[in-house]
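Numbering (my numbering), first residue to last: 163 to 465.
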């Protein structure tokens, strides 16, 4: 398909997951790292992170991904404060049973958008292009916060290609009058934060690492990571329900970004979906309470 990014391949052995990171940029391409076999590279060049001299914005778009493990395909879509690296507490576990694909979304991490590019409006087709390029017809999808707009939008557009859907801390860009009213009336749980207020005290190293990962995003804007992009249609959740796509909602009860009342209301609209809450977590249960998150999601995927 001529309008889809092209693939650039790099390989990283699973045992090297926390030791090596492949970097790529430029070119109308997918830049990938596979987690099986010996390490091989096919990189356009390293990216040096420096606040004073950010890397040049590419003339052509490259979507960066990594590919680990074997089995049924499972795709992870990160939030606005993350990159493909955000799933470091999931991939070593999930890749024992699944083929795990984690990628940097357009405009984030190693996937900077082109000047005046489509931004979040292209998230759904970027995901389609990634799956097509990897030869994956059907996959399970996990979306955290902003990543929910990618996976919910994809599931609404291509429900026949979704085995299971996991939405964490997100309404996936869906909105209607009821949800807007609930959002406006949501109780004040504190200032907007990726974590519950107690998390940094409980795990200061984890909070520090989250900030370091987030700093690799050099083209961030200030839009709400759970709000629909202006140019993106609201996902038709009815198509997902009608197709019988198994759907799991995960909610941190102390979420100050995606109000729990709003996410719970969306879950109620999606007949047959499941809801699991994490009482001690804020917006990022995959990071804050990763062991619980992993257990819940694995149980759901195995069902």
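Glycine residues also receive a C-beta, built at the ideal position from the N, C-alpha and C atoms.
- When only Cα atoms are considered, residue 323 and residue 304 end up about 14 Å apart.
- Taking the CA atoms as reference points, residue 281 sits about 33 Å from residue 365.
- Going by DSSP, residue 422 is part of the alpha helix (DSSP H) stretching over 422-431.
- Within the model, the alpha-carbon separation for residue 412 versus residue 419 is close to 14 Å.
- For residue 228, the uninterrupted beta strand (DSSP E) segment begins and ends at 224-230.
- Counting along the chain, the unbroken alpha helix (DSSP H) around residue 361 starts and ends at 361-364.
- The criterion of a C-beta distance shorter than 8 Å is not satisfied by residue 269 and residue 246.
- Between residue 334 and residue 441, the alpha-carbon positions lie close to 21 Å from each other.
- Residue pairing by DSSP places residue 306 opposite 330 in a beta bridge.
- In the DSSP assignment, residue 343 falls within the alpha helix (DSSP H) that extends over 339-346.
- Burial check for residue 264: the Cβ neighbour count within 10 Å reaches 16 or more, so the residue is buried.
- Cβ-Cβ separation between residue 318 and residue 402: approximately 6 Å, consistent with a contact (criterion under 8 Å).
- In the three-state DSSP reduction, residue 321 falls in the helix class (H, G or I).
- The three-state reading of DSSP puts residue 255 in helix, counting H, G and I together.
- Beta-bridge analysis with DSSP links residue 336 to no other residue.
- Residue 270 has 273 as its beta-bridge partners, per DSSP.
- Rounded to whole angstroms, the Cβ separation of residue 326 and residue 463 is 6 Å, and the two are in contact under 8 Å.
- Look at residue 351 here: in three-state DSSP terms it is coil, with no helix or strand label.
- Residue 368 holds the alpha-carbon nearest to the alpha-carbon of residue 251 among 368, 405 and 330.
- The beta carbon of residue 296 sits closer than 6 Å to no other beta carbon from its chain once the five residues preceding and following it are set aside.
- Residue range 436-440 is occupied by the beta strand (DSSP E) that includes residue 440.
- A Cβ-Cβ separation of about 4 Å places residue 286 in contact with residue 315 under the 8 Å criterion.
- When beta bridges are read from the DSSP output, residue 263 appears opposite 229 and 237.
- Boundaries for residue 444: no beta strand (DSSP E) harbours it, and the DSSP string shows neither H nor E there.
- Within 10 angstroms of the beta-carbon of residue 430 lie fewer than 16 other beta-carbons, which makes it exposed.
- Membership of residue 285 in any beta strand (DSSP E) is not indicated; the residue belongs instead to the alpha helix (DSSP H) covering 285-295.
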